[in-house]
Every structure is written in C-alpha cells, then in structure tokens.
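With the working numbering, letter number 74 in the sequence shown gets 81, and the count goes up by one each step, no holes.
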Amino acid sequence: FDDYFKQHPLERFRFMTNYDQLSQWMQGSAPEIAKVTPRGLQSLGVVKYELRLREPLVSWTVNNEQYYVDTSGVTFERNYFAQPTVSVIDESGVRVEQGSAIASDRLLSFVGRAVALANDNGVTVTKVEIPSESMRQIYLHGEGVPVVRMTTDRGVEYQIVDMRRALDFISAGGSVPQYIDVRTAGKVFYRE
Numbered sequence: 008f009d010d011y012f013k014q015h016p017l018e019r020f021r022f023m024t025n026y027d028q029l030s031q032w033m034q035g036s037a038p039e040i041a042k043v044t045p046r047g048l049q050s051l052g053v054v055k056y057e058l059r060l061r062e063p064l065v066s067w068t069v070n071n072e073q074y075y076v077d078t079s080g081v082t083f084e085r086n087y088f089a090q091p092t093v094s095v096i097d098e099s100g101v102r103v104e105q106g107s108a109i110a111s112d113r114l115l116s117f118v119g120r121a122v123a124l125a126n127d128n129g130v131t132v133t134k135v136e137i138p139s140e141s142m143r144q145i146y147l148h149g150e151g152v153p154v155v156r157m158t159t160d161r162g163v164e165y166q167i168v169d170m171r172r173a174l175d176f177i178s179a180g181g182s183v184p185q186y187i188d189v190r191t192a193g194k195v196f197y198r199e
C-alpha cells in the first residue's frame, strides 16, 4: 500500500482512491489478490482495507510447476484456501505467465462441468490431463474407471451420457479397457 500511495499521493484521500487501479497494481506483485475494497476507518486518518483472495477451482501443473486457477481462469502460485480436489496436468506445451489467464473461460468451464457431471454419474475424478499440443481435448482420470477422452468441441453433457453408457456396457462384459473415447457423437471407442 505504501508503495502505491507514494506513486499516487492524491489517492491517500479515500474519496480520490481508484480501487480498480489499486487492485490491479497489487495483482502485479501478488496475483492471488482478486480485489481490494475499503472497510471504513480504523482511526482518524487510518483506513482499513479488505483483500479478497482468489479461490482456486483447480490446481494446474505445467512443466513441474504448481499453479492454481480461479473461476476467471487467472493463475497464481499462493493458495490460502483448501487444496482443490482436482488437479490438471497440462502437457499441451502452452507457456504460462503468473497473473494471466492460463486457459480460456470455455476450457475452464468445460473442465468444471465435466468433473461435476462425472461425479454426479458415479465417477470420482482425481485428475484432468490436457494432452500434448492440444487445448481442445481433456482426459478425465477417475477412481476405478478407465481414462475418459473428451473434446471441448462437443457438449460435455452428451459426452458424460456416452461415458456412463459405455461404462455400464463394459462392466457388464467384464473387461477393463485402458481408455474410453467419447469425442465422436453417437460412438464410443475403447482400447483394452
């Protein structure tokens, strides 16, 4: 705060403070901060501020570096909340810069919905993998089930329905495939 107010001395007056600019400035050195908001006066001339921190949706591993991603798709390294239950292993080769979006909102939304819907269908997802040189495919790894290969180009709900049907069919047959591929509409591929 002191460094910011040294650069913007008129903003020491609360009515002149640009809180959006202050938040952006703070995020430059601490991207885990989502927003800075005033919380009244502590004493005469002393203002209290509230720092809202980013809560991670998933942990994201790229090149053996641990990042966290919030619902906005912004990456940060320090997590002050409980460890996310789902980790994303990124083999895509995309370069990551802290404080920037690691993936599109569409991909993050897809991952979140895929994990939630898989859990609703009896598959506990332990990790999500993004294969090399692709940001449109994900591999869901679950407890006691084969890897499920999915694509963001097709509705997640349809792919989860196909996954559930394939798992029911395969378990009735007694085989355990290495993976199930639900990327093609109306067809499921698997490899034993």
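We put the beta carbon where it would ideally sit given N, CA and C, even for glycine.
In the structure shown, Leu51 falls within a coil segment according to DSSP collapsed to helix, strand and coil. Under the three-state reduction of DSSP output, Lys42 falls in the strand class.
When the five nearest sequence neighbours on each side are left out, the beta carbons in the same chain lying within less than 7 angstroms of the beta carbon of Val93 are those of Val65, Val122, Val132, Lys134, Val135, in order along the chain. One alpha carbon belongs to Leu29, the other to Arg59, and they sit about 13 angstroms apart. Look at Val122 here: in three-state DSSP terms it is helix. Around the beta carbon of Gln166, a 10 Å sphere encloses 16 or more other beta carbons of the protein chains shown; the residue is thus reported as buried. Beta bridge pairing from DSSP links Phe83 with Tyr75.
Nearest to Arg190 by C-alpha distance, out of Ile40, Gln49, Val155, Gly151, is Val155.
Considering only Asp188, Tyr146, Ser182, the residue with the shortest C-alpha distance to Glu199 is Ser182. Gly180 counts as exposed, since fewer than 16 other beta carbons sit within 10 angstroms of its beta carbon. The DSSP-derived three-state label of Gly180 is helix. The residue from Asp97, Pro153, Gly193 with its alpha-carbon nearest to that of Gln73 is Asp97. For Ser94, the enclosing beta strand (DSSP E) stretches over residues 94-97.
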